[in-house]
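Everything below concerns the one structure shown next.
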DNA sequence: AAGAAATTGAAAATCAATATCAATTAGGAA
DNA sequence: TTCCTAATTGATATTGATTTTCAATTTCTT
């Protein structure tokens, strides 16, 4: 976490940007736990510590983190969600009931995707794959 | 195509809804070709025939078609796109340059997706998979 | 032909995200 | 440390896609 903040500060310095109280707070709250947060959710957490933080500042800070490769923007459903960037590519399982998000990797699927692209003479750049269903807990609920 | 319209009319009658000039026009334009149209694009086509058709009516008619299973809403990027519903599930390849959309089916990928869900104790309901890249034509352009 | 109920189009509302702008703040230079 | 300029902030306005509202119009059953 400290390393993330110092990496960001380095990035800021290089770009002639400034480190601010708000920025630091938002970033440290973002990196506290590995989750998939919406702007709204992060704002809520941040405001527990500093009432005055504005909407736009959270948007701007997350864009900053995304630009310097520390965060990744995912567009599931309604609002975008941001996750910590990882070195490995992964996709997501999403519970339709409680919203739980599970990350997974599957090389065999990736390979087949590449095959599909070749067959259709597409040069694959990236993909989006989301599996929607019910997690164990929620599936249980529906059977009571 | 005639069958689609009569299917829709049957649906309308069952629900106590009415068949109108606007509705008929929008539906028949929608089913003219198998494409992935935005509301905007469909509106444009429809207005070539009837100037006065409103924005909201196209939205409403597409929702109607979606509800009765004749159309399918896809949420790629900016605006939603609607396709004719088909009996087989499929996913999409999308060109990042020209926007070309190619449909594909791949049972092996579907099977692996089901496996991933099982492993994570999710009950799979549906999924979204989009492969983004450059189609043959556009890839060519980038190498000139 | 009449009347109730649905539909239409225009404009307003909504929702997420971005841009604007005056006031504030950060941080290098003096 | 103090100054100064450029960056940042928060509030608000704006955008773009979609939905809702509402009065006027149209459909369809009787």
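Chains as they are written, first to last, in our numbering: chain A, 17 to 160; chain B, 17 to 160. Idealized CB from N, CA, C, for every residue including glycine.
For residue i and residue j, what's the separation of their Cα atoms in angstroms?
i, j, result
"residue 93 of chain B", "residue 57 of chain B", "15 Å"
"residue 127 of chain A", "residue 128 of chain B", "11 Å"
"residue 69 of chain B", "residue 140 of chain A", "39 Å"
"residue 14 of chain B", "residue 35 of chain A", "Outside the modelled stretch of chain B, which goes from 17 to 160, sits residue 14 of chain B, for which no answer is possible."
"residue 143 of chain A", "residue 32 of chain B", "43 Å"
"residue 116 of chain A", "residue 41 of chain B", "43 Å"
"residue 157 of chain B", "residue 147 of chain B", "20 Å"
"residue 44 of chain B", "residue 119 of chain A", "43 Å"
"residue 30 of chain A", "residue 90 of chain B", "41 Å"
"residue 64 of chain A", "residue 104 of chain A", "33 Å"
"residue 61 of chain A", "residue 121 of chain A", "29 Å"
"residue 71 of chain B", "residue 124 of chain A", "44 Å"
"residue 46 of chain A", "residue 110 of chain A", "21 Å"
"residue 131 of chain B", "residue 106 of chain B", "18 Å"
"residue 20 of chain A", "residue 73 of chain B", "50 Å"
"residue 95 of chain A", "residue 67 of chain A", "23 Å"
"residue 54 of chain A", "residue 77 of chain A", "13 Å"
"residue 112 of chain A", "residue 86 of chain A", "28 Å"
"residue 18 of chain A", "residue 108 of chain A", "27 Å"
"residue 38 of chain A", "residue 37 of chain B", "57 Å"
"residue 114 of chain A", "residue 28 of chain A", "37 Å"
"residue 145 of chain B", "residue 155 of chain A", "23 Å"
"residue 59 of chain B", "residue 59 of chain A", "39 Å"
What residue range is occupied by the uninterrupted alpha helix (DSSP H) comprising residue i?
i, result
"residue 128 of chain A", "123-135"
"residue 79 of chain B", "71-83"
"residue 208 of chain A", "A query on residue 208 of chain A cannot be resolved here, the shown segment of chain A reaching from 17 to 160 and no further."
So the beta strand (DSSP E) residue i belongs to, where does it begin and stop?
i, result
"residue 42 of chain B", "Unbroken run through residue 42 of chain B is the alpha helix (DSSP H), 37-46; no beta strand (DSSP E)."
Provide the residue(s) that pair with residue i in DSSP beta bridges, ordered along the chain.
i, result
"residue 109 of chain A", "A/118 and A/147"
"residue 99 of chain B", "B/88"
"residue 142 of chain B", "A/148"
"residue 53 of chain A", "A/98"
Inter-stretch contact at 8 Å, needing at least 3 Cβ pairs: the region 143-152 of chain A / the region 134-144 of chain B: yes
Any 3 or more C-beta pairs closer than 8 Å across the region 22-32 of chain A and the region 75-92 of chain A: yes
Inter-stretch contact (C-beta, 8 Å, three-pair minimum) for the region 45-63 of chain A and the region 87-102 of chain A: yes
Chain-ordered residues of the region 136-158 of chain B with a beta carbon less than 8 Å from chain A: 136, 137, 138, 139, 140, 141, 142, 143, 144, 145, 146, 147, 148, 149, 150, 151, 152 and 155
Residues from the region 105-129 of chain A in contact with chain B, defined by Cβ distance under 8 Å: 109, 111, 112, 118, 120, 122, 124, 125, 128 and 129
Residues of the region 71-95 of chain A whose Cβ lies closer than 8 Å to any Cβ of chain B, in chain order: Per Cβ criterion, the list is empty.
Chain B contacts from the region 40-55 of chain A (Cβ-Cβ distance under 7 Å): none
Residues in the region 60-71 of chain B having any Cβ partner in chain A nearer than 7 Å: none
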